[in-house]
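Report on the structure given below.
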Amino acid sequence: MTKIFVTGGAGFIGSAFIHQVLAETEDVEIINFDALTYAGNPENLKYLDATRHRFVKGDICDKEAVLQSLPDDCEAIFNFAAESHVDRSISSASEFVTTNVLGTQVLLDCARAKNARRFVQISTDEVMGSLPESDDAFFTEDSPLRPNSPYSASKAAAEHFVRAARETFGLDTVITRCGNNYGARQFPEKLIPLMISNAMHDEPLPVYGDGKNVRDWIYVEDHARAVWLAYKNGKAGEIYNVGARNERKNIEVVKAILDALNKPHSLIKYVTDRPGHDRRYAIEASKTERELNWNPSVSWEEGLQKTIDWYRENQDWVNNIRNGAYREYYQKMYGASLK
Ligand code: NAD
Ligand code: TYD
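Residue numbers are given in this note's numbering: position 269 of the sequence shown equals residue 272, and the series is strictly consecutive.
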């Protein structure tokens with residue numbers, strides 16, 4: 004059995020990754036280390052093969068806890084754990100510094116202490132900042148790091164520590180930088196699940212600014228596969244951009260969701276823009292396609308339909324979240340502007 008250590012595996016992308024790895028391999032055993040913050044949900048781990056998946060509740064900042072759970076013969080560490088929502092980072096940045104920066108450094112120290120063979124850091128295109136709107140510029144692996152939000156600043160800082168571990172200590176590291184993910188089990192604070200869940204409840208859909216900010220969307224399972232191939236085929240010390248060449252304006256995404264749910268566009272409500280709102284992300288992924296032998300396989304139309312279907316069929320999952328502390332968050336974020 005090949006043992007891998009996955010952090011943040013109860014969240015959106017980490018759980019998609021675990022589902023995929025267990026489905027597509029027979030000889031991989033996963034230790035899923037997750038603090039179960041508001042974004043971590045044990046429901047996301049239902050139906051997993053318990054003989055090859057072990058869940059450990061723990062904080063990546065807690066070195067002793069990580070060392071206790073990290074096996075001596077660990078093949079790879081996949082670091083998905085993070086505070087991941089830009090709006091929350093604007094309200095309060097310190098949790099982002101703690102988990103995303105300090106937590107990553109703790110994991111790097113533990114990887115060295117236990118001789119883990121490879122360390123895969125799940126990063127984001129947002130570390131490269133924002134691109135001009137009407138331009139044919141794209142993010143490449145050589146684009147400068149110019150993070151604009153506290154979230155992206157913390158992810159960029161984490162990347163620096165990963166690089167330093169490679170350069171200083173020779174740790175075998177790989178970094179992936181993916182664009183905006185969508186798919187099943189995404190917490191309904193992010194654009195797509197928020198809009199689906201509000202539309203299903205006939206509540207207003209809050210669109211920031213003029214709605215023309217562009218994101219480069221990728222179906223979560225395509226991202227998960229790229230992470231696996233980065234571990235399998237990536238070169239030590241390299242960065243791999245992951246994107247599906249699928250740029251969309253936010254307003255276009257929101258209208259597509261309303262149309263698919265047969266809901267009126269009158270639910271759209273333009274609200275005050277996010278401070279420091281990045282205008283456009285667009286990823287040039289040809290290095291990843293070439294070197295990792297990866298290609299996205301799910302089209303935007305197919306992926307969005309599958310996502311909407313999942314939220315329709317799993318309304319309990321959504322409602323359990325919407326009934327809890329989420330209400331307070333939602334009120335604080337949107338209460339005044341949606342009156
Ligand atoms: P998420 O917020 O859905 O999940 C994060 C998970 O990490 C949760 O299960 C949470 O409980 C866990 N976690 C948080 N703090 C922890 C800590 N201190 N110790 C242990 N576990 C902790 O996030 P996501 O959208 O699944 O993102 C996963 C990773 O992918 C993040 O590193 C994020 O930066 C990166 N990423 C996300 C996107 C996207 O579109 N969502 C795009 C590119 C990269
Ligand atoms: P989000 O899903 O938060 O991802 P990120 O900020 O990491 O790209 O937001 C995606 C886009 O949607 C971003 O341009 C902000 C916008 N947005 C809204 O217009 N309204 C909302 O309520 C949210 C959450 C996001």
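For every residue, glycine included, the Cβ atom is placed at its ideal position computed from N, Cα and C.
Note down, in chain order, each residue of its chain lying with its Cβ closer than 7 Å to the Cβ of residue i, except the 5 sequence neighbours on either side.
| i | result |
| --- | --- |
| Trp303 | Trp220, Asn249 |
| Leu197 | Pro191 |
| Glu46 | Trp320 |
For the candidate residues the options, whose alpha-carbon lies nearest to that of residue i?
| i | options | result |
| --- | --- | --- |
| Ala114 | Leu51, Gly338, Leu73, Asn47 | Leu73 |
| Val257 | Pro299, Asp213, Gly279 | Asp213 |
| Thr54 | Leu39, Glu32, Val109 | Glu32 |
| Asn183 | Ile286, Ser269, Asp262 | Ile286 |
| Ala19 | Ala187, Cys64, Arg277 | Ala187 |
| Leu208 | Asp312, Phe83, Leu261 | Leu261 |
| His226 | Ala247, Lys215, Ile199, Gly240 | Ala247 |
| Ala168 | Ala239, Val301, Gln71, Gln334 | Ala239 |
| Ala339 | Glu98, Met131, Tyr273, Lys117 | Tyr273 |
| Val100 | Phe15, Ala38, Ala160 | Ala160 |
| Ala13 | Ala68, Thr28, Phe83 | Phe83 |
| Leu295 | Asn236, Lys60, Val210, Ser95 | Asn236 |
| Val69 | Ser92, Leu48, Val109 | Val109 |
| Ile93 | Arg277, Glu162, Asn216 | Arg277 |
| Arg283 | Met336, Asn253, Tyr333 | Asn253 |
| Asp281 | Arg218, Gln308, Arg251, Asn317 | Arg218 |
| Leu39 | Gly17, Asp30, Tyr337, Val301 | Gly17 |
| Ser146 | Ala116, Arg180, Val165 | Arg180 |
| Asn265 | Phe15, Met203, Ile21, Asp75 | Met203 |
| Glu331 | Leu105, Ile21, Arg91 | Arg91 |
| Cys64 | Asp37, Gln318, Leu48 | Asp37 |
| Tyr234 | Arg121, Phe58, Glu29, Gln318 | Arg121 |
| Thr107 | Trp313, Thr10, Asn323 | Thr10 |
What would DSSP say about residue i, mapped onto helix, strand or coil?
| i | result |
| --- | --- |
| Glu331 | helix |
| Gln108 | helix |
| Gln71 | helix |
| Glu224 | helix |
| Tyr154 | helix |
| Thr275 | coil |
| Arg91 | helix |
| Thr179 | strand |
| Lys238 | coil |
| Gln124 | strand |
| Val59 | strand |
| Thr143 | coil |
| Thr5 | strand |
| Leu51 | coil |
| Val31 | strand |
| Glu206 | coil |
| Phe15 | helix |
| Glu78 | strand |
| Thr102 | helix |
| Asn118 | coil |
| Arg218 | strand |
| Phe190 | coil |
With 16 other CB atoms within 10 Å as the buried threshold, where does residue i fall?
| i | result |
| --- | --- |
| Ala26 | exposed |
| Thr310 | buried |
| Phe315 | According to the sequence shown, residue 315 is Arg rather than Phe. Classification of Arg315: exposed, given that the 10 Å Cβ count is below 16. |
| Thr275 | exposed |
| Glu136 | exposed |
| Pro267 | exposed |
| Tyr50 | exposed |
| Phe172 | exposed |
| Ser133 | buried |
| Phe152 | One point to set straight first is that residue 152 is Ser, not Phe, in the sequence displayed. Label assigned to Ser152: buried. |
| Thr5 | exposed |
| Ala328 | exposed |
| Leu174 | buried |
| Asp62 | buried |
| Gly43 | buried |
| Ala229 | buried |
| His56 | buried |
| Ala288 | buried |
| Gln308 | exposed |
| Ser157 | buried |
| Gln189 | buried |
Using a Cβ-Cβ cutoff of less than 8 Å, which residues in the same chain neighbour residue i once the five nearest sequence positions on both sides are dropped?
| i | result |
| --- | --- |
| Lys290 | Thr143, Glu144, Tyr243, Asn244 |
| Glu292 | Asn298 |
| Lys66 | Val109, Asp112, Cys113 |
Between which residues of its own chain and residue i is the CB-CB distance below 6 Å, once the five residues before and five after are set aside?
| i | result |
| --- | --- |
| Glu129 | Ser155 |
| Phe8 | Ile34, Leu73, Cys77, Ile80 |
| Ala350 | An answer regarding residue 350 cannot be provided, because it is not within the stretch 4 to 342 covered by the chain. |
| Leu148 | Val130, Ala159 |
| Ala119 | Cys77, Ile80 |
| Tyr222 | Gly186, Val301, Gly306 |
ask   = What runs of the beta strand (DSSP E), each 3 residues or longer, lie entirely inside the segment 246-274?
value = Counting only unbroken stretches of 3 or more residues, the beta strand (DSSP E) elements lying wholly within the segment 246-274 are 250-252, 271-274, in sequence order.
request  = Could you tell me which uninterrupted alpha helix (DSSP H) segments, each at least 4 residues in length, are contained entirely in the segment 278-337, listed from first to last along the chain?
outcome  = Complete alpha helix (DSSP H) runs here, min 4: 289-295, 303-316, 318-325, 329-337.
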